[in-house]
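J.: Counting along the sequence shown from 1, when you hit position 185 you're at 231 in the working numbering, and nothing is skipped either side. I'd like to ask you about the structure that follows.
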Amino acid sequence: FSSRKMPVQIPDDSDFASFKEQCLSEEGWTVRYNKGSVTVWCRDEESSTVQKLKMRIVCKDVKAETLYDVLHDTSYRKKWDTNMIDTYDIGRLTVNADVGYYSWKCPTPLKNRDFVTMRSWLPLGNDFLIINYSVKHPQHPPKKDYVRAVSLLTGYLIQSNGASSSTLYYLTQVDPRGSLPKWVVNRVSQFVAPKAMKKIYKASLKYPEWKRKHEPSLKPWMFPEQNTLPCISVSELVLQRADSLENIDESTVKEEKTAQNSDDDEN
């Protein structure tokens, strides 16, 4: 069963439209956090292993285009994304789709997670969309010290609110591979998610200044001719199905009090 090869498809306009609809719809979502400019929703899926979260932040003084650049710019990400351990691009599929690797620190004492995802993007008038899902690439198998997690669908919708303000939605549907304890799920919606959104906002305020000093004209996500990644074919990829990965049980892992503070060090 798990050896069934699921073909990988590059998202088309209808996939982007359906993602946007999920970001904007509130039906079936429960508000878990709502403070200042940040709202976090959860959705209880039929299967308790899949975590589905949605967040929104209103970014005053940040243009939609700037947010879009920040979310694409991997060299800048290394500066602001403190949860990230490593990220790199593997190859490009089309002018608006590529494959990349990302690993992130999980709250102690959980094991760290990593992903290989196919990402595609689409600027659409006043909206900008970036979506990804997990794929298998033969040269990038699961690693010894990480749990390979599965993004069933994760992405961003950026909407322009005029000349210098925008709204960012982040929706993620992830199978973290393993039974996570309740406290992790709660903590993600109450602390980790809002903090991550504020971090993107802060990073976006500083980006124009940073980019002026770091190859200001280099934006391969906008100018495909600048893209130097090796070309890969969709046929080299297989959909990463959760059932082919090792499952680990961390449901009894207790929260470490010391870790809590790291979530509150910056509001």
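Every residue, glycine too, gets a C-beta built ideally from N, C-alpha and C.
With three or more C-beta pairs closer than 8 Å as the rule, is the segment 238-258 touching the segment 130-149?
T.: No: the two stretches stay apart, fewer than three of their Cβ pairs being nearer than 8 Å.
J.: In this structure, does DSSP put Cys277 in helix, strand or coil?
T.: DSSP places Cys277 in strand when its eight states are reduced to three.
J.: Do you know offhand how far Asn158's Cα is from Lys98's?
T.: Asn158 and Lys98: Cα-Cα distance of roughly 19 Å.
J.: Among residues of its own chain, excluding the 5 on either side of Leu113, which ones have a beta-carbon nearer than 6 Å to its beta-carbon?
T.: Cβ neighbours of Leu113 beyond the five flanking positions: Ile204, Ser212, Leu214 and Ser250.
J.: For Val54 versus Leu283, is the C-beta spacing smaller than 8 Å?
T.: Contact flag set, yes.
J.: Count the other CB atoms, across all protein chains shown, that sit within 10 Å of the CB of Phe269; report buried if there are 16 or more and exposed otherwise.
T.: Classification for Phe269: exposed.
J.: Identify the residues that DSSP records as bridge partners of Gln219: which are they?
T.: According to DSSP, Gln219 bridges with Lys98 and Leu199.
J.: For Gln205, which of helix, strand or coil comes out of DSSP?
T.: Note: Gln205 maps to strand in three-state DSSP.
J.: Buried or exposed, going by whether 16 or more other CB atoms sit within 10 Å of the CB of Met52?
T.: Exposed: under 16 other Cβ atoms inside 10 Å.
J.: Are Asp160 and Tyr179 closer than 8 Å when you measure CB to CB?
T.: No, Cβ-Cβ distance for Asp160 and Tyr179 is not below 8 Å.
J.: DSSP three-state call for Phe174: helix, strand or coil?
T.: Here Phe174 sits in strand by DSSP.
J.: Starting from the N-terminal side, write out each stretch of the beta strand (DSSP E) that is 3 residues or longer and does not extend beyond the segment 105-156.
T.: Entirely contained in the segment 105-156, the beta strand (DSSP E) runs reaching 3 residues are, in chain order, 130-140 and 143-150.
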